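Enquirer: Numbering (my numbering), first residue to last: 43 to 311.
Backbone N, C-alpha and C define an ideal beta-carbon position, used for all residues, glycine too.
Quick caveat, the model's predicted, so the values are computed rather than measured.
The structure is given below, and queries will be raised subsequently.
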Amino acid sequence: FGSDVYQRAVVDLPTQRVGHAMSSLNPFRRRMSAEQVLDTLVHAVGERFDTEPLTLDNEGTLPAETFLHFGTPRRAWEFTTLANERDRPSLALPKAQAYVDVLAAFGWRSSRPEPTSQREDDPNLIQPAIVANGTLGFYLSRLTDDHAITKLALQSNSVEQFVESLFLQIVTRMPTEEEFDQFTRLLRPGFERRVVPDAERPPSRTPPRFRYVSWSNHLNTEANEIKVQMQEYVRKGPPATTALQDDWRQRAEDATWSLLNSPEMVMVP
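In structure tokens form, the structure reads like this:
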């Protein structure tokens, strides 16, 4: 990491690639693949993939020739088609759908026999919109009890230290002077009072448990109602931590959201 080669400045990929491939020893800046984008977003905030098992046979009673079980994804490459294109809420996988929406926006193919991803270089409003306004972007920017940014907020001794740690955690660099000033102005009010004393913290809200819906009972009239409730819960996002004051936490979430939506989040290196 301390070598001259590793620390060379990044350059843009030349538009005329013929004769330029070896003209520069500097690394070329390039766009991430769909899988890289999703993995980066999730792991930048210290989260794990929180999805349902990729199957419609939760009981495991049907033969493999009828229903495959792809397990619970832990990386973006493990996702596959959700096979729920029918207009029937009972066949939805709300949590997995939030991840698949991001993958699809960045050019991912849902068929595992053809898993390669080819990004479109043309401007695409869907790509920034799915991260900025989609379910997953809201989920990743919500400061929960096990969120990496929550831990940084509780451990930082000053707002300056928190801002620097925030940038290092998400974009792996120190903030510029302008960014440092903007973020410290946003987060300084209430920083000293941000932590709620243990004795005053309300108990953490336990996520609701929903009844299982699978292929064997998806035609039941209650199956649609259960899946609609699950979709609504996923859209609202996980419960926020009670260890931080709400006003300061919401501003910290705004700071986290802005970094997750920065252009450099989808570029390598």
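Looking at the structure shown, is Met74 part of a helix, part of a strand, or coil, going by DSSP?
Expert: Met74: coil per DSSP, three-state reduction.
Enquirer: Run through DSSP, which three-state label would Val87 get?
Expert: Looking at Val87 - three-state DSSP - the assignment turns out to be coil, as it is neither helix nor strand.
Enquirer: Taking Cβ positions, are Gly88 and Phe180 nearer each other than 8 Å?
Expert: Not a contact, by the Cβ cut-off of 8 Å.
Enquirer: Of the choices Val53, Ile191, Ser256, whose alpha-carbon is the least far from that of Glu101?
Expert: Measuring from the Cα of Glu101, the nearest candidate turns out to be Ser256.
Enquirer: Check whether the Cβ atoms of Val201 and Phe233 lie closer than 8 Å to each other.
Expert: Cβ atoms of Val201 and Phe233: closer than 8 Å.
Enquirer: Can you list, in chain order, the residues of its chain with a C-beta nearer than 6 Å to that of Val144? Leave out the 5 residues immediately preceding and following it.
Expert: Contacts found: Leu80, Ile172, Leu178.
Enquirer: Is the beta carbon of Thr186 less than 8 Å from the beta carbon of Ala282?
Expert: Contact flag set, yes.
Enquirer: By the DSSP assignment, the alpha helix (DSSP H) with Tyr141 in it spans what residues?
Expert: Element bounds for Tyr141: 136-147.
Enquirer: Can you round the beta-carbon distance between Thr82 and Met307 to whole angstroms, since I take them to be within the 8 Å contact cut?
Expert: Indeed they touch by this definition, with Cβ atoms about 6 Å apart.
Enquirer: Decide if the region 201-214 is in contact with the region 293-306; the criterion is three or more beta carbon pairs, one per stretch, under 8 Å apart.
Expert: At 8 Å Cβ cutoff, the stretches touch.
Enquirer: Note down, in chain order, each residue of its chain lying with its Cβ closer than 8 Å to the Cβ of Val270, except the 5 sequence neighbours on either side.
Expert: These residues qualify, in order along the chain: Pro131.
Enquirer: In or out: Pro136 buried (at least 16 other Cβ within 10 Å) or exposed?
Expert: It is buried - the Cβ of Pro136 has at least 16 other Cβ atoms within 10 Å.
Enquirer: Who are the near neighbours of Ile168 in its chain, counting only those whose CB is closer than 6 Å to its CB and skipping five residues on each side?
Expert: Excluding positions up to five away in sequence, the list reads Ala147.
Enquirer: Name the residue from Ala138, His111, Thr122, Asn126 whose alpha carbon lies nearest to the alpha carbon of Phe91.
Expert: For the residues Ala138, His111, Thr122, Asn126, the minimum Cα distance to Phe91 belongs to Ala138.
Enquirer: For Met309, which of helix, strand or coil comes out of DSSP?
Expert: Strand at Met309.
Enquirer: Out of Asp46, Pro231, Thr284, which has the shortest C-alpha to C-alpha gap to Pro245?
Expert: Among Asp46, Pro231, Thr284, the Cα nearest to that of Pro245 belongs to Thr284.
Enquirer: So, helix, strand or coil for Val237, using DSSP?
Expert: Strand.
Enquirer: Pull up the DSSP beta-bridge partners for Leu286, would you.
Expert: Paired residue(s): Val237.
Enquirer: Please go through the region 257-302 and give each complete beta strand (DSSP E) segment of 3 or more residues, from N-terminal end onward.
Expert: List check, beta strand (DSSP E) in window: nothing returned.
Enquirer: Under three-state DSSP, which class holds Asp223?
Expert: Here Asp223 sits in helix by DSSP.
Enquirer: Quick check: what's the CA-CA separation for Asp223 versus His85?
Expert: One C-alpha to the other measures close to 26 Å.
Enquirer: Is it true that the CB of Tyr141 sits closer than 8 Å to the CB of Phe112?
Expert: No, the Cβ-Cβ distance between Phe112 and Tyr141 is not below 8 Å.
Enquirer: Using DSSP's beta-bridge definition, name the partner residues of Asp54.
Expert: The partner list for Asp54 (beta bridge, DSSP) reads Arg71.
Enquirer: I'd like the ranges of any alpha helix (DSSP H) spanning at least 4 consecutive residues and lying wholly in the region 177-212.
Expert: Complete alpha helix (DSSP H) runs here, min 4: 177-183, 190-197, 201-212.
Enquirer: Short of 8 Å in beta carbon distance, which residues of its chain neighbour Leu196, apart from the five on each side in sequence? Order them along the chain.
Expert: Excluding sequence neighbours, Leu196 sits near Val237, Ala285, Leu286.
Enquirer: For Leu229, which of helix, strand or coil comes out of DSSP?
Expert: Residue state, collapsed to three classes: helix.
Enquirer: Excluding five sequence neighbours on each side, which residues of the same chain lie with their C-beta closer than 8 Å to the C-beta of Val310?
Expert: So the list reads Arg71, Arg72, Arg73, Met74, Gln78, once near-sequence residues are dropped.
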